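Numbering (this note's numbering), first residue to last: 2 to 260.
Note that the Cβ used here is the ideal one computed from N, Cα and C, for glycine as well.
All values derive from a computational prediction rather than experimental measurement.
Reviewing the structure listed below.
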């Protein structure tokens with residue numbers, strides 16, 4: 002159910018079937034010459050629409066404006082909101098949802114720079130609403146590198162990276178006409194990792210970067226369809242497990258061989 006379509010007189014009736022709210026998080030940010038500025042809006046909204054209605058979602062409008070990193074702020078078309086402003090804004094939104102009586106909230110994210118503020122908001126709001134639970138989902142983590150390698154989607158690259166073939170193939174699956182890779186567009190590989198261990202590296206002007214990275218000539222509709230289908234399936238499994246945990250069933254049906 003999309004909250005936009007709910008009439009005031011129907012709120013009580015609709016709420017009877019709602020298990021959780023979904024707040025899609027996007028951005029207006031440069032993703033390269035081949036990609037729409039609304040890349041993250043398209044992805045957040047698209048995956049929100051892929052949530053299984055049987056799980057009982059109440060889907061809110063996608064948040065379009067947010068904080069963008071220093072490395073994209075100076076590119077034409079990027080609109081960046083100060084992190085403190087975005088944190089306050091998102092806090093007010095989710096508190097409004099909590100006031101409606103919903104205590105399960107999915108923050109469905111399509112923008113890397115939303116990760117920190119979203120975690121901050123979730124930690125803060127659960128201090129006020131102690132019975133609330135937030136599930137932060139980054140869509141790109143719902144399909145593993147192993148999956149794309151096994152499917153042979155990309156050759157000689159994992160495809161990951163801002164504006165790269167992994168992300169843009171997914172956009173193409175939702176809006177094929179909005180991704181336009183030309184022969185003259187540069188191939189910009191990501192730099193090799195510094196370590197196999199997790200780390201965070203923040204740079205204003207990364208190497209191998211022109212507002213995007215990756216072997217974008219490998220962007221394709223077919224790859225995008227594989228990626229979106231896999232990510233959506235895993236996203237729904239994750240939400241289902243979360244709701245089972247919240248409802249105290251903890252996947253008992255699955256333990257008895259029922260999927």
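Where residue i falls, given that 16 or more other Cβ within 10 Å makes a residue buried
{"i": "residue 8", "result": "exposed"}
{"i": "residue 41", "result": "buried"}
{"i": "residue 147", "result": "exposed"}
{"i": "residue 69", "result": "buried"}
{"i": "residue 97", "result": "exposed"}
{"i": "residue 136", "result": "buried"}
{"i": "residue 58", "result": "buried"}
{"i": "residue 105", "result": "buried"}
C-beta atoms of residue i and residue j nearer than 8 Å
{"i": "residue 33", "j": "residue 164", "result": "yes"}
{"i": "residue 107", "j": "residue 240", "result": "yes"}
{"i": "residue 203", "j": "residue 43", "result": "no"}
{"i": "residue 221", "j": "residue 170", "result": "yes"}
{"i": "residue 166", "j": "residue 216", "result": "yes"}
{"i": "residue 47", "j": "residue 175", "result": "yes"}
{"i": "residue 155", "j": "residue 226", "result": "no"}
DSSP three-state assignment for residue i, whether helix, strand or coil
{"i": "residue 290", "result": "The chain is shown from 2 up to 260; residue 290 falls before or after that span and cannot be answered."}
{"i": "residue 92", "result": "helix"}
{"i": "residue 85", "result": "helix"}
{"i": "residue 154", "result": "coil"}
{"i": "residue 80", "result": "strand"}
{"i": "residue 146", "result": "helix"}
{"i": "residue 59", "result": "strand"}
{"i": "residue 253", "result": "Interpretation of residue 253 is limited by its pLDDT of 49, a score under 50 that renders its predicted location unreliable; the figure taken from the coordinates is listed afterwards. Residue 253: helix per DSSP, three-state reduction."}
{"i": "residue 206", "result": "coil"}
{"i": "residue 259", "result": "Since pLDDT at residue 259 reaches only 34, below the 50 mark, its modelled position is unreliable, and no value is offered."}
Identified DSSP bridge partners for residue i
{"i": "residue 109", "result": "25, 138"}
{"i": "residue 215", "result": "189"}
{"i": "residue 67", "result": "81"}
{"i": "residue 3", "result": "60"}
Residues near residue i by beta carbon distance below 7 Å, same chain, minus five either side
{"i": "residue 14", "result": "none"}
Proximal residues to residue i (C-beta, below 6 Å), its chain only, five neighbours per side dropped
{"i": "residue 49", "result": "23, 25, 60, 109"}
{"i": "residue 101", "result": "none"}
{"i": "residue 212", "result": "31, 33, 76"}
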